[in-house]
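In what follows, a single structure is set out as structure tokens and then discussed.
Residue numbers (the working numbering): 157 to 379.
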């Protein structure tokens, strides 16, 4: 549990991101400010390790247990954080299952074959964050590789304001990949959110990339 904290550098940017959480079964972060962090430019070699400058949540768990993974991020501010691509090409990054240049403020990457993941991101503000590749404000990657991969991420009452990306998803980037053969579906819910003044070559407010039949639900949001 992190509550409350201002995570910013006193004299120079955190070059590896302010907070990096990897394969933790339960995370709760509330009333924290992440600002002026980055530019994250060094590629971590662990699979499904996020590269966000503000907050990175990465999960790569294969143990056969029934317990769900949970993350709650509430009442947090992500301002002026930057994630860069570094030296790896996009294809190399995807093949190695590492994801640089994604999620300036927040990155959530989940590959949990035998678990369900429940992530709730509520009352969060993403402003003036930048990523070279995908998701200037925030980036989510869900891998759905089995019938047990029943993942759900919810963004509720969040504001994405003047974030940017050189390529895709200035505000929020969502990628759902896998074989799509599971009996359960994974997805993302965007509820009561505001997207304003975000820019990218494709998808200024948000960009959705799918290789499965899973769902994204948009409710009561403005763009």
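C-beta: ideal position from N, C-alpha, C; glycine also.
Hey, would you say residue 285 sits closer than 8 Å to residue 257, going by beta carbons?
Here residue 285 is taken as the residue at index 129 of the chain shown, counted from 1. Here residue 257 is taken as the residue at index 101 of the chain shown, counted from 1. No, Cβ-Cβ distance for residue 285 and residue 257 is not below 8 Å.
Other residues of its chain near residue 289: CB distance less than 6 Å, five sequence neighbours each side excluded: One-based indexing of the chain shown puts residue 289 at position 133. Counting only Cβ-Cβ distances below 6 Å, and skipping sequence neighbours, we find 241, 257, 258, 323.
I need the DSSP call for residue 216, collapsed to helix, strand or coil.
Here residue 216 refers to the residue found at position 60 of the chain shown. Strand, per DSSP.
Among the candidates 330, 215, 363, 190, whose CA atom is the shortest distance from the CA of residue 235? Your numbering for residue 235 matches position 79 in the chain shown. Looking at the Cα atoms, 190 is the closest of the given residues.
Q) Closest by CA to residue 294, which one among 307, 272, 331? A) Within the chain shown, residue 294 is the residue found at index 138, counting from 1. Considering only 307, 272, 331, the residue with the shortest C-alpha distance to residue 294 is 331.
field: DSSP-derived helix/strand/coil call for residue 176
entry: As a first step, residue 176 is located in the chain shown; it is residue number 20 there, counting from the start. Residue 176: strand per DSSP, three-state reduction.
Considering only the alpha carbon of each residue, which of 216, 180, 212 lies closest to residue 299? By 1-based counting over the chain shown, the position of residue 299 is 143. Relative to residue 299, the option among 216, 180, 212 whose CA is nearest is 216.
query = Under 8 Å, do residue 229 and residue 277 count as touching if we go by C-beta distance?
reply = The sequence position of residue 229 within the chain shown is 73, counting from 1. The sequence position of residue 277 within the chain shown is 121, counting from 1. Residue 277 sits close to residue 229, with the two beta carbons spaced by under 8 Å.
Pull up the distance between the alpha-carbon of residue 313 and that of residue 374, whole angstroms please. Taking the first residue of the chain shown as 1, we reach residue 313 at position 157. Taking the first residue of the chain shown as 1, we reach residue 374 at position 218. Between residue 313 and residue 374, the C-alpha separation is close to 12 Å.
Can you name the start and end residues of the beta strand (DSSP E) that residue 283 belongs to?
Stepping through the chain shown from its first residue, residue 283 is reached at position 127. Segment 281-283, the beta strand (DSSP E) holding residue 283.
Quiz item: Are residue 181 and residue 211 touching if we call contact CB-CB under 8 Å?
Solution: For the purposes of this step, residue 181 is taken as the residue at position 25 of the chain shown. For the purposes of this step, residue 211 is taken as the residue at position 55 of the chain shown. No, Cβ-Cβ distance for residue 181 and residue 211 is not below 8 Å.
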